[in-house]
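Sequential numbering of the sequence shown, starting at 349, is according to my numbering.
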Amino acid sequence: MNKRLFIAIDPPGPTREQLALLCCGLPDARWVSPDQLHLTLCFIGEVDGSTFLDIREALAGIKAAPFTLRLRGVGFFPPRGGQPRIIWAGVERCEPLMALQRKIVTRLAQMGIELENRKYAPHITLARLQRTPATKVGKYLAINAMFASAPFPVADFSLYASVLGRMGAAHRVEQTYALWRIGTTPGLCEL
Numbered sequence: 349m350n351k352r353l354f355i356a357i358d359p360p361g362p363t364r365e366q367l368a369l370l371c372c373g374l375p376d377a378r379w380v381s382p383d384q385l386h387l388t389l390c391f392i393g394e395v396d397g398s399t400f401l402d403i404r405e406a407l408a409g410i411k412a413a414p415f416t417l418r419l420r421g422v423g424f425f426p427p428r429g430g431q432p433r434i435i436w437a438g439v440e441r442c443e444p445l446m447a448l449q450r451k452i453v454t455r456l457a458q459m460g461i462e463l464e465n466r467k468y469a470p471h472i473t474l475a476r477l478q479r480t481p482a483t484k485v486g487k488y489l490a491i492n493a494m495f496a497s498a499p500f501p502v503a504d505f506s507l508y509a510s511v512l513g514r515m516g517a518a519h520r521v522e523q524t525y526a527l528w529r530i531g532t533t534p535g536l537c538e539l
């Protein structure tokens with residue numbers, strides 16, 4: 349059976365609560381449910397059952413130290429011109445996060461998994477827009493420009509299956525992987 353996969357970090361409950369406060373105020377927006385909010389590290393796409401098992405096993409070999417992360421600001425995609433389609437919360441610059449993402453992408457590439465060739469822009473999707481006027485998006489961004497979460501620890505990442513339905517995608521954790529490296533201390537990001 350085929351699975352549609354991605355790899356992500358889950359924000360803790362208090363951070364989800366902070367993000368949920370941002371999920372209002374735009375017409376024709378389909379807001380992401382707080383329990384579905386996540387920071388995607390890598391979108392894999394649809395794979396067969398055998399490839400899924402190989403990916404699940406390969407990710408267990410990823411070694412990285414836990415680190416601290418902080419969300420900051422809001423924005424939209426596409427970033428240059430065009431009608432805004434996605435509203436997101438940004439992520440403060442964090443080299444341990446970027447290093448983890450690179451390790452995951454490298455491991456998948458070594459397995460022959462073809463991934464999107466797009467520069468990684470860490471964010472948490474808050475809403476998908478349909479015909480929302482750009483002026484309304486501009487007001488929303490101005491009102492929420494100072495958003496910043498409390499710093500939170502990242503101690504693991506998860507392999508998810510995304511099941512598409514009439515109301516959008518539902519995400520199910522397939523496997524969670526602890527971050528650790530013997531003989532090191534947790535990585536810290538700029539705050």
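Every residue, glycine too, gets a C-beta built ideally from N, C-alpha and C.
Since this is a predicted model, take the numbers as computed values, not measurements.
For the putative contact between residue i and residue j, defined by C-beta atoms under 8 Å, what is the C-beta separation to the nearest angstrom?
i: ARG433; j: LEU507; result: Actually they are not in contact, since the Cβ atoms of ARG433 and LEU507 sit about 26 Å apart, beyond 8 Å.
i: LEU477; j: TRP379; result: Contact doesn't hold; Cβ gap of about 10 Å is too wide.
i: LEU370; j: PHE500; result: Their Cβ separation, rounded to whole angstroms, is 16 Å, which puts LEU370 and PHE500 out of contact at 8 Å.
i: ALA377; j: ILE435; result: 7 Å
i: GLY421; j: ALA493; result: 7 Å
i: ILE525; j: ALA408; result: Per the sequence presented here, residue 525 reads as Tyr, with Ile not at that position. Correct: roughly 6 Å between the Cβ atoms.
Cα separation between residue i and residue j?
i: PRO375; j: GLN458; result: 44 Å
i: PRO414; j: LEU527; result: 5 Å
i: LEU419; j: PRO360; result: 12 Å
i: ARG466; j: GLY373; result: 30 Å
i: PRO427; j: GLY486; result: 12 Å
i: ALA469; j: PRO481; result: 24 Å
i: ILE461; j: GLU365; result: 35 Å
i: GLN523; j: ALA437; result: 25 Å
i: ASP358; j: VAL511; result: 18 Å
i: ARG479; j: LEU401; result: 40 Å
i: ILE410; j: GLY513; result: 32 Å
i: MET349; j: ASP383; result: 26 Å
Relative to the C-alpha of residue i, which candidate in the options has its C-alpha closest?
i: VAL453; options: ALA356, LYS351 and HIS386; result: ALA356
i: THR483; options: ARG466, GLY430, GLN523 and ALA526; result: GLY430
i: MET446; options: ARG364, LEU389 and PRO382; result: LEU389
i: SER381; options: GLY516, THR524, VAL521 and LEU417; result: GLY516
i: THR363; options: THR416, VAL485, ASP402 and ILE461; result: THR416
i: PHE505; options: VAL521, THR480 and VAL511; result: VAL521
Mind checking whether residue i and residue j have CB atoms under 8 Å apart?
i: ALA518; j: ARG352; result: no
i: LYS451; j: ALA412; result: yes
i: PHE425; j: PHE391; result: no
i: LEU385; j: LEU367; result: yes
i: GLY393; j: LEU489; result: no
i: LEU456; j: LEU448; result: no
Tell me whether residue i, by its Cβ, gets closer than 7 Å to a heavy atom of the ligand NAD.
i: PHE500; result: The ligand NAD is absent from the structure shown, which contains no ligands of any kind.
For chain D, find out if any of its Cβ atoms is closer than 8 Å to the Cβ of residue i; answer yes or no.
i: LEU445; result: The structure shown contains no chain D, having only a single protein chain.
Review point. How do the stretch 393 to 403 and the stretch 424 to 441 stand: do at least 3 beta-carbon pairs fall below 8 Å, yes or no?
Key: no
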